[in-house]
Structure formats: C-alpha cells, structure tokens
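Per the working numbering, the sequence shown starts with residue 2, numbered consecutively.
A virtual CB, placed ideally from N, CA and C, is assigned to each residue, including glycine.
Model, not experiment: these values are computed from the prediction.
Report on the following structure.
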Amino acid sequence: MARYTGPTNKLFRNYGVKDLSNRKLTSSMRQTASGQHGAVRKKLSEYAIHLNEKQKIRHTYLVSEKQFAKCYNAAVRKKGVTGTILLQMLESRADNVLYRAGFGVTRKQTRQIVNHGHITINGKKVDIPSYQLKPGDVIEIKSKSADYLKSVMAMIDLSCAPNWITVDKDALKITFDRLPNRDELDPDFKEQLVIEYYSK
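If you want it as structure tokens, here you go:
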C-alpha cells in the first residue's frame, strides 16, 4: 500500500523529530527512537541523511512517494528557490490549509474532511485533498458540517493560524491570502537535503 497507516509518532521518533501533523502530541512525549530501549543510533551515510529528510517532510504532509516526486518536479520547473517552492506547494494543499487554520486536530482529520466533500473552494465542491490553492481562493464549510467543525475547533487554539491565511471562525471560512515565505515555514525542514537526494 502506498499510504502509511501505522502509528505516526513512532515513525517520526525514528527520524528524531516530533510528529508535526498531530496537534495532540505534546512536547513531553518521548522523542527517542521506537523500541523498548530506543534503537541505538548508528552514524548515517550521506544517502541515509538525504533520504530521512525527504521521508520526514513527505510523512508530515501525508503525501505518497509519487505525489512528492511530482511536487518536486513541478517545483524544479518554476523560477525561484526550488526547496522553498516545494514547501510552498505542500503548504498550499487544501487539507494542509484546513489543518493550519485549525479546522482539524490532525492532518489525517482534515484530509478526511476534504475527502468526504465537506468543503467548497470559490463556491465549488472539492473532494481532492491535494487541490492546490492559489492566492485569493476561499474555502468554506458546507452547512451540514458546521456543528461538527465548530466542536473540533473549540479544542484548538486558533491564534496559531499563520499570517498567510485569514480565518473567519464564525462563518467557517478560510481565505488563502498568499504563499508563505520560507521564514514562516518549519525551520526544522532541511529542504536542501531533498534537492540533493533527487539530484543524484
């Protein structure tokens, strides 16, 4: 199967980082490698370092290997810094924007919200989580899903919503104002390692 369905926190612990796709995980949770005593870390080869960074970013945004490679190839063809463009494309996905806006506890949850057809973009129904938003696009929640979404949002601190989107909590509406700048994205991502991985 292309989609990973196992325990994500255990997976990210093996990469030495926290699962960034899940708000429920706290900083107090163990960050050592999975296993009874935590796997003994060996010195990684250059290839393994590049591969791990790619996998870490890929699993964070819940994209398949094929989707990630497609995003990378599209980023290469655009003018600008390839690594930043790649992250911007991943951040512009419909499921990710819902997550950033606080409409879900995890990216898996917002992915399911999109999959089940609970949103419209610019007034049209969209059920594709990988839908690429453009500046000015507006996401709205269908009225039949409003009560459920409001109960989910009540558990989330909406002040954490990024500056590049505008969230109307009462109307359950998100406006995708602009693409995020690199300094507004996760500083732990080392996208240059991903570029080096695909360049070999």
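message: Taking DSSP's pairing of strands, which residues face Arg94 in a bridge?
response: Gln133
task: Use the C-beta contact count for Ser28: other C-beta atoms within 10 angstroms, 16 or more gives buried, fewer gives exposed.
output: Note that Ser28 has pLDDT 47, beneath the 50 cutoff, so the model's placement of it is unreliable and the number below is only indicative. When all chains shown are included, Ser28 counts as exposed.
- request: Report yes if the CB atom of Phe104 is closer than 8 Å to the CB atom of Val153, and no otherwise.
  value: yes
task: Please classify Val64: does DSSP put it in a helix, a strand, or coil?
output: coil
field: Nearest candidate by alpha-carbon position, reference Tyr132, set Ser146, Gln110 and Ser93
entry: For Tyr132, the nearest C-alpha among the options comes from Ser93.
query: Which value, in whole angstroms, describes the spacing of the CA atoms of Thr107 and Gly84?
result: Cα-Cα distance, rounded: 24 Å.
- prompt: Cβ of Leu52 within 8 Å of Cβ of Tyr73?
  reply: no
- prompt: Can Pro163 and Arg101 be called in contact, C-beta distance under 8 Å?
  reply: yes
message: For a test of the three-state rule: what should DSSP assign to Asp128, helix, strand or coil?
response: Here DSSP, grouped into helix, strand and coil, assigns Asp128 to coil.
- prompt: Which residue from Glu185, Leu99, Lys109 and Lys170 puts its Cα closest to that of Ile122?
  reply: Of the candidates Glu185, Leu99, Lys109 and Lys170, the one whose C-alpha sits nearest the C-alpha of Ile122 is Leu99.
task: In angstroms with no decimal places, state the Cα-to-Cα distance between Met30 and Val195.
output: Interpretation of Met30 is limited by its pLDDT of 49, a score under 50 that renders its predicted location unreliable; no figure is taken from the coordinates.
query: Helix, strand or coil for Lys57 per DSSP?
result: helix
query: Measuring CA to CA, which of Gln89, Val64 and Glu66 is closest to Glu192?
result: Gln89
message: What does DSSP give as the partner residue(s) for Glu141 in the beta ladder?
response: Thr121 and Lys174
- prompt: Do you know whose CA, among Glu197, Tyr149, Leu186 and Glu141, lies nearest Thr176's CA?
  reply: Of Glu197, Tyr149, Leu186 and Glu141, the residue nearest in Cα terms is Glu141.
- prompt: How about Pro130 and Ala172: do their beta carbons lie closer than 8 Å?
  reply: no
- prompt: Name the DSSP bridge partner or partners of Thr167?
  reply: Looking at the DSSP output, Thr167 sits in a beta bridge with Thr176.
task: Assign Glu47 to buried or exposed, taking buried as 16 or more other Cβ atoms, counted over all protein chains shown, within 10 Å of its Cβ.
output: exposed
message: Is Asp148 close to the ligand COA? I mean its beta-carbon at under 7 Å from any heavy atom of the ligand.
response: Of the ligands one can find in the structure shown there are none, so the ligand COA has no counterpart to examine.
task: Locate the alpha helix (DSSP H) running through Ile157, then write down its first and last residues.
output: No alpha helix (DSSP H) holds Ile157; DSSP gives it neither H nor E.
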